[in-house]
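Under this note's numbering, the letters of the sequence shown match residues 1 to 300, in that order. One structure is given below, encoded as structure tokens.
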Amino acid sequence: MSALSKVTYFCRSAAVGLKQSPFVHFIAVTTIAIALFSAGMARGAARVLDNLLASLGGEVEVTVYLAPELDADEVHGVLSRVQALSGGEVTLVSPEDALSRLRTELGDLGEALAELPENPLPVSLELRVPPERRNPDALLALARTLRAAPGVDGVDYGEAAVQRLSAIARALRFGSLVAFAVVLGATVVIVAATLQLAIYSRRGEIEIQKLVGATDRFVKAPFLLEGLLQGVLGAAVALLGLWAFGRMLGPTLSALFSFLLGPSVAAPWVEPRLALELLLAGCGLGLGGSFVAVGRFLRV
1 MSALSKVTYF CRSAAVGLKQ SPFVHFIAVT TIAIALFSAG MARGAARVLD NLLASLGGEV
61 EVTVYLAPEL DADEVHGVLS RVQALSGGEV TLVSPEDALS RLRTELGDLG EALAELPENP
121 LPVSLELRVP PERRNPDALL ALARTLRAAP GVDGVDYGEA AVQRLSAIAR ALRFGSLVAF
181 AVVLGATVVI VAATLQLAIY SRRGEIEIQK LVGATDRFVK APFLLEGLLQ GVLGAAVALL
241 GLWAFGRMLG PTLSALFSFL LGPSVAAPWV EPRLALELLL AGCGLGLGGS FVAVGRFLRV
């Protein structure tokens, strides 16, 4: 049998298998679609989380407190040095401006500051950190470098809050990864079980093929092709569901979270890269399930 004849036979056999057991294959396609839809939703949620971290990171400011004995020229020298070390925007805050801010933030209690004999606040520099240095490790390294700089008395950037937020993000990502692995494993098992029912319904055909000398690889090929088609169909259904979700609820989510995330949350839920990843994942799930099912049958 030529290669073209084999391919034609495999495709025809797979089409017959899909036609003979439509309900079984419907269950497998639905299972794959649900798993991939969940994965797509998780990716969308991860993107929203990343945008949230980036937006909160944009609000992180490193405050550098300068030594009180520095004169004006030395203060500007430290400012230039800090700007060179960080690569961010640096704003000089005088003691008077800092006290005025504190009075405003305290509200009615701020009037008590007028009784102070002198301004206790030092000259400080407010540094807006560039995006590439907003992660906890980079912020910690930057703070250590600035503390060692001449003329610097102290550095504060809300280290505890940044570390806590990053820990929450890591825990969410790890939890979603574990859940995704469990869902994928369960999907392969379900797909394999449903396909095994379809294979048993055609066991007479398989036995005849084995009697006339068909190899295991020849017997497996049509069923693997069935699994591949199931994966493609499942991915298509999942992508359609994600597209519909984005069209129906995307504008509502954009309006709901725009005060935190800005316009970036309005990005489409189905992107070319995500579509390719889900398509490949669907093919992998379908092939994996069919491979397990056929392997079990041939070992019996």
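All C-beta atoms, glycine included, are put in the ideal place defined by N, C-alpha and C. In this text, all values refer to a predicted model and were calculated from it rather than measured experimentally.
Please report the distance separating the alpha-carbon of residue i from that of residue j.
i, j, result
"Lys220", "Ser166", "48 Å"
"Gly175", "Ala169", "10 Å"
"Val191", "Leu224", "12 Å"
"Leu79", "Glu69", "15 Å"
"Thr8", "Ala14", "10 Å"
"Ser290", "Arg173", "30 Å"
"Pro272", "Ala236", "13 Å"
"Glu126", "Ala72", "17 Å"
"Gly213", "Arg47", "53 Å"
"Leu287", "Met41", "23 Å"
"Ala179", "Leu242", "19 Å"
"Gly204", "Ala198", "12 Å"
"Gln20", "Ser201", "9 Å"
"Val62", "Pro120", "20 Å"
"Arg128", "Tyr65", "15 Å"
"Cys11", "Met248", "38 Å"
"Gly234", "Pro136", "40 Å"
"Gly44", "His76", "45 Å"
"Leu195", "Gly246", "32 Å"
Secondary structure at residue i, three-state DSSP: helix, strand or coil?
i, result
"Gly286", "helix"
"Val93", "strand"
"Leu127", "strand"
"Val270", "coil"
"Ser21", "coil"
"Val292", "helix"
"Leu116", "coil"
"Asp71", "coil"
"Leu229", "helix"
"Pro222", "helix"
"Ala244", "helix"
"Thr215", "coil"
Quick one: what's residue i bridged to in DSSP?
i, result
"Gly154", "Tyr65"
Between which two residues does the alpha helix (DSSP H) containing residue i stretch?
i, result
"Glu205", "203 to 211"
"Asp137", "136 to 147"
Taking all protein chains shown into account, decide if residue i is buried (16 or more other Cβ within 10 angstroms of its Cβ) or exposed.
i, result
"Leu240", "exposed"
"Pro150", "exposed"
"Pro263", "Per-residue confidence for Pro263 stands at a pLDDT of 49, beneath the threshold of 50, marking its modelled position as unreliable; the derived number appears in the next sentence. By the 10 Å Cβ count, Pro263 comes out exposed."
"Val270", "buried"
"Val90", "buried"
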